[in-house]
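For the record, in the sequence shown the residue sitting at position 5 is 4 according to numbering that gives the first Met the number 0, with numbers rising by one throughout.
The block underneath contains the structure these notes are about, expressed in structure tokens.
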Amino acid sequence: MSCSPINKFVHYVTVENDLEKAEKLSLIFGLNLQQLLEACGDLMISKGSFHSGIILYKQAKVHLLKRVLKLAISADCRTLLKFVHLCLSASRVDMSMATKIHIGNLAVMAYTELILRHGGHARMSNTKDFMNFLRYEEFYDQILAVNVACQAGHWNIVTLLAKCRGLQPEVVSAFGQILQSARAPRPNDREFLFALSEPSLTQSLVVLPQSSREIFSFIHLRYSWTRVNLALCL
């Protein structure tokens, strides 16, 4: 042979798509079939052939969570989300609760990235899809979703989580933390002010005094900022 058995194996799998020849070669030379199939999957993913790569991972018996993580590292957000939705909606896929939550958390991160990356109509569409995911999907860390949305400044997402998931205390706490950080919203951030005005947060504002102080200080700053700007306009 003019090249190593491993190189020939990779050629059979990734170029000729002849798994039968590849399997025979692995038997003859005592190669680790599953390990090489996984490596071929990595190669296909790196080339953008996501569907082929995922199939090879399955043939290599790669754990489902590991497949998703590999895709998350190498693929674009939309491809990852398609695979995540497939995994979470397929009734025949046997996954533990922890695995489902890990996969759901990756979807939260991917949606957040999509909204940050694209504007205009795409942003509106991605936001709608993200809201539907958060509203109807059970398998994700809801507190993580609140914190990620706060860090990204997706205030409509945060409001949704407060109203639909009953996460008012977590949202008020996250608001208090973000206002003490370098990512604190500007006084003229109207979307953040609307989020603070959500009526369902009232009780949590009462029982979380430290966070409430930060929030009311921001509102006072907003009021002062508005007065100054009005004075400048006169």
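All residues carry an ideal CB built from backbone N, CA and C; glycine is no exception.
Count the other CB atoms within 10 Å of the CB of residue i; is the residue buried (16 or more) or exposed (fewer)?
i              : result
valine 107     : buried
serine 210     : buried
tyrosine 56    : buried
serine 25      : buried
isoleucine 27  : exposed
cysteine 149   : buried
proline 184    : buried
arginine 153   : In the sequence under discussion, the amino acid at residue 153 is histidine, which differs from the arginine named in the question. Its Cβ being crowded by 16 or more others within 10 Å, histidine 153 is buried.
asparagine 16  : exposed
asparagine 125 : buried
Note down, in chain order, each residue of its chain lying with its Cβ closer than 6 Å to the Cβ of residue i, except the 5 sequence neighbours on either side.
i                 : result
valine 61         : Glu37
cysteine 76       : Ala109, Glu112, Leu113
serine 203        : Gln167, Pro168, Val171
arginine 226      : Low local confidence applies: a pLDDT of 49 at arginine 226 is under 50, so the model's placement there is unreliable, with the coordinate-based value given in what follows. Nothing meets the Cβ criterion.
phenylalanine 129 : Tyr110
arginine 221      : Pro186
Checking 8 Å against the spacing of the C-beta atoms, do residue i and residue j come in under that value?
i              : j           : result
alanine 71     : leucine 79  : yes
asparagine 146 : alanine 173 : yes
threonine 98   : leucine 64  : yes
serine 199     : lysine 162  : yes
leucine 192    : alanine 151 : no
Going along the chain, which residues of its own chain have a beta-carbon closer than 7 Å to the beta-carbon of residue i, five neighbours each way excluded?
i                : result
alanine 21       : Phe8, Tyr11, Val12
glutamine 141    : Leu160, Arg164, Leu166
serine 45        : Ser73
asparagine 104   : Tyr139, Asp140, Leu143
phenylalanine 82 : Ile53, Val67, Leu70
serine 3         : none
Contact check, residue i vs residue j under 8 Å by CB: the rounded distance?
i             : j              : result
methionine 43 : glycine 52     : 4 Å
glycine 175   : isoleucine 214 : 6 Å
alanine 121   : valine 157     : In fact, because the Cβ distance is near 21 Å, the residues do not count as touching under 8 Å.
leucine 87    : isoleucine 102 : 6 Å
glycine 40    : alanine 59     : 6 Å
Starting from the C-beta of residue i, find all residues in its chain whose C-beta is less than 8 Å away, skip the five residues before and the five after it, and write them out in chain order.
i             : result
isoleucine 5  : Leu30, Leu35
valine 206    : Pro168
histidine 84  : Ala106
methionine 96 : Phe138
glutamine 179 : Glu213
Scan the segment 118-161 and note each continuous alpha helix (DSSP H) run of 4 residues or more that stays entirely inside, going in chain order. 119-135, 141-151
Ignoring anything shorter than 4 residues, give me the alpha helix (DSSP H) runs that lie fully in the segment 160-218, in order along the chain. 167-178, 189-195, 201-206
Starting from the N-terminal side, write out each stretch of the alpha helix (DSSP H) that is 4 residues or longer and does not extend beyond the segment 56-97. 63-73, 76-88
To test your reading of the DSSP string, which unbroken alpha helix (DSSP H) runs of 4 or more residues are found completely within the segment 21-49? 32-45
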